[in-house]
DNA sequence: TTGTATGCGTTATCAT
DNA sequence: ATGATAACGCATACAA
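Protein chains in written order, with the UniProt record's numbering: chain A, 1 to 331; chain B, 1 to 331.
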């Protein structure tokens, strides 16, 4: 089999307890012993078996991040922020992709139940509020990026309603009065919150809310294009469009270009997320930036805090968003 | 503490051994006991502690996938293929991102050394051949997508040389004689193999190889644009460009558009990978498709096979590529 | 078919 | 400062 702490102890001429002490940086061990042990560890190329260690300590120092898709650079950036911070405080981040299926998500959650990880962060989830609340009673769970209505679970996200308000207000201040909204029928709280922000902005600036300017389907790429076709067929076409995701905005934009419409001039388009692609396409896309690193860091920090608490923090923390103007809005 | 197999046994009025047998689907247990045990498991909401189980069984049934970036949809698709297959054979896939740093990669490899996972699949790695060979002696390691020269380690990838040959041959058959190549200076075997394929294609079709048509920098997005600027400044500009990655091709394409050049007509551009973005941009990008699902499935299958072998399979398996023609080559 | 007992590799407690 | 040993939760060899 593989080499164990026992082998090291025997070779170094000390007890396993001493080796363990060296391994865990206890101060109650002589310099001589420390040296001997470290030498043999290096010589035998010993690496402690974490299954044994974790079993004994009842902790793994590993956090699992479950995301609906790995093709979303927003998530990638958030996970990066998580890893940065987690590494600093001695935790590892592992990720799993659920592909938005509850079966995969359930399966992955097993790592929480079977004690393979200390906690789970969900970047958008299939779970409903009740399930989440029950889950959070016994386990360390956090939501990031996407809250769940009615869930009293630690959450970190932008203020979606306010962010959408700011985005639409920006368009209005540019002179737009007919503003289309591309949303989704998903149960995602962010989608409805952004719709609410859109509506509030119109109201506050005294613009009539028209149902024909609200198009809702799904987050799939093609839906953006379909939305644009729909808007473009209206008698009074919108002069600006706000989409709840960059991908939808990009899809709409490309449909517009296909139709020979000058995006940024004939029509202004604004997305949400600030994924990398926004700067890679022509024209570049105006959008609402989510502070990915900060979100990742904060949710990990709060989750770890929760691990040592009996009464868990279940706040909904919001982080600052930022409007970024690029060519698609004529900037 | 949390509920254990002992609690279940006591509650069900049987021994822990019987509970364990039920848990592991042993046939040597009476229907009555099975029923009683399953009932109490459900009632107590018991979930076995895998740290104990894994420690005992010396296996975790978990495979770690380390990738340089999670922003590459090629990798996402491959991991999806891995998960599909792994799930079927009772394995879990977890992922970690190294951000192309050897420190992160080394840290993540610890999960292999400390027995937290049964094997590791590297989607492009910082390790050199010697390190990999030594690693593969004692652990279950596989490379996917990107081989390492001189490494005798289980590898699954496309035939990069032949794929590049086919791509360039396709351009030649379309009548192109001045073909630019955008590569990288990275040590990645795929990059040089694709360059070799490019050169062989020119040779076989009797076209002179000119150094000025070969531009090499890095995989960063901007390099594609710089490459195009360079080509466009030549006295005899290439009429077609083959890039070793879709992102480089897209960057070059956008630079061309910026310069008012009609991609697909004035210049043909072909990428490599067939990432989702190829179909999302205008014009759509011709490219070489890598069979992601198949690659993921194959590498997991072979790696699991290796786990039960004393002499490990260290073959370099190639999977079929496919040329996809879209608007960027005038199709 | 079932139960008892052992050990997986580690840390922590208790002596010394 | 160090060592002997119990315990973490589980699967399994062995006995019954």
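Positions of the beta carbon are idealized from the N, C-alpha and C atoms, including for glycine. Just so you know, these numbers come straight off a predicted model, no measurement behind them.
Sequence-distant residues of the same chain with beta carbon closer than 8 angstroms to residue i, five excluded per side
i	result
residue 92/B	61, 62, 63, 86
residue 404/B	Chain B is shown from 1 up to 331; residue 404/B falls before or after that span and cannot be answered.
residue 161/A	193, 194, 196, 197, 200
residue 90/A	61
residue 13/A	36
Beta carbon of residue i nearer than 8 angstroms to that of residue j
i	j	result
residue 140/A	residue 119/A	yes
residue 323/A	residue 252/A	no
residue 126/B	residue 102/B	yes
residue 148/A	residue 129/A	yes
residue 307/A	residue 287/A	no
residue 236/B	residue 189/B	no
residue 47/B	residue 114/A	yes
residue 5/A	residue 20/A	yes
residue 153/A	residue 314/A	yes
residue 70/A	residue 70/B	yes
residue 155/B	residue 167/B	no
residue 94/B	residue 66/A	no
residue 169/B	residue 205/B	yes
residue 55/A	residue 55/B	yes
residue 299/B	residue 121/B	yes
residue 254/A	residue 289/A	no
Nonlocal neighbours in the same chain, by C-beta distance under 7 angstroms from residue i, ignoring five residues either side
i	result
residue 216/B	183, 184, 185
residue 34/B	22
residue 234/A	212
residue 195/A	181, 183
residue 230/A	215
residue 256/A	228, 263, 267
Rounded separation between residue i and residue j - CA only
i	j	result
residue 319/B	residue 258/B	37 angstroms
residue 100/B	residue 68/B	5 angstroms
residue 281/A	residue 105/B	31 angstroms
residue 11/B	residue 309/A	30 angstroms
residue 28/A	residue 8/A	19 angstroms
residue 240/A	residue 275/A	20 angstroms
residue 58/A	residue 208/A	59 angstroms
residue 109/A	residue 284/B	39 angstroms
residue 210/A	residue 136/A	41 angstroms
residue 97/A	residue 111/A	13 angstroms
residue 265/A	residue 178/A	14 angstroms
residue 304/A	residue 221/A	36 angstroms
residue 172/B	residue 279/B	23 angstroms
residue 317/A	residue 301/A	12 angstroms
residue 331/A	residue 175/A	14 angstroms
residue 30/A	residue 18/A	10 angstroms
residue 329/B	residue 203/B	22 angstroms
residue 138/A	residue 157/A	23 angstroms
Proximal residues of chain B, C-beta to C-beta of residue i below 8 angstroms
i	result
residue 113/A	47
residue 254/A	280, 281, 282
residue 125/A	None at all; the shortest Cβ gap to chain B is about 18 angstroms.
Residues that residue i contacts on chain A, provided the C-beta gap is smaller than 9 angstroms
i	result
residue 96/B	83, 92, 93, 94, 95
residue 100/B	None at all; the shortest Cβ gap to chain A is about 12 angstroms.
Under 9 angstroms from the C-beta of residue i: neighbouring residues of chain B
i	result
residue 221/A	276, 279, 280
residue 184/A	The contacting residues do not exist; residue 184/A stays about 18 angstroms from chain B at best.
Under 7 angstroms by beta carbon: chain A residues contacting residue i
i	result
residue 52/B	55
residue 79/B	70, 97
residue 257/B	282
Contacts that residue i makes with chain B (C-beta to C-beta distance below 7 angstroms)
i	result
residue 250/A	280
residue 73/A	71
residue 106/A	The contacting residues do not exist; residue 106/A stays about 12 angstroms from chain B at best.
residue 76/A	70, 71
Nonlocal neighbours in the same chain, by C-beta distance under 6 angstroms from residue i, ignoring five residues either side
i	result
residue 277/B	none
residue 244/A	183, 191, 194, 272
residue 150/A	129
residue 297/A	81, 85
residue 218/B	184
residue 159/B	318
Near the ligand SAM: residue i beta-carbon under 7 angstroms from a heavy atom
i	result
residue 248/B	Among the ligands in the structure shown, none appear at all, so the ligand SAM cannot be discussed.
* Asked: Touch check for the region 285 to 305 of chain A and the region 214 to 227 of chain A: three-plus C-beta pairs under 8 angstroms?
  -> no
* Asked: Any chance the region 72 to 79 of chain A sits against the region 42 to 55 of chain A, with 3 or more Cβ pairs inside 8 angstroms?
  -> Pairwise C-beta distances place the region 72 to 79 of chain A out of contact with the region 42 to 55 of chain A, as fewer than three of them are shorter than 8 angstroms.
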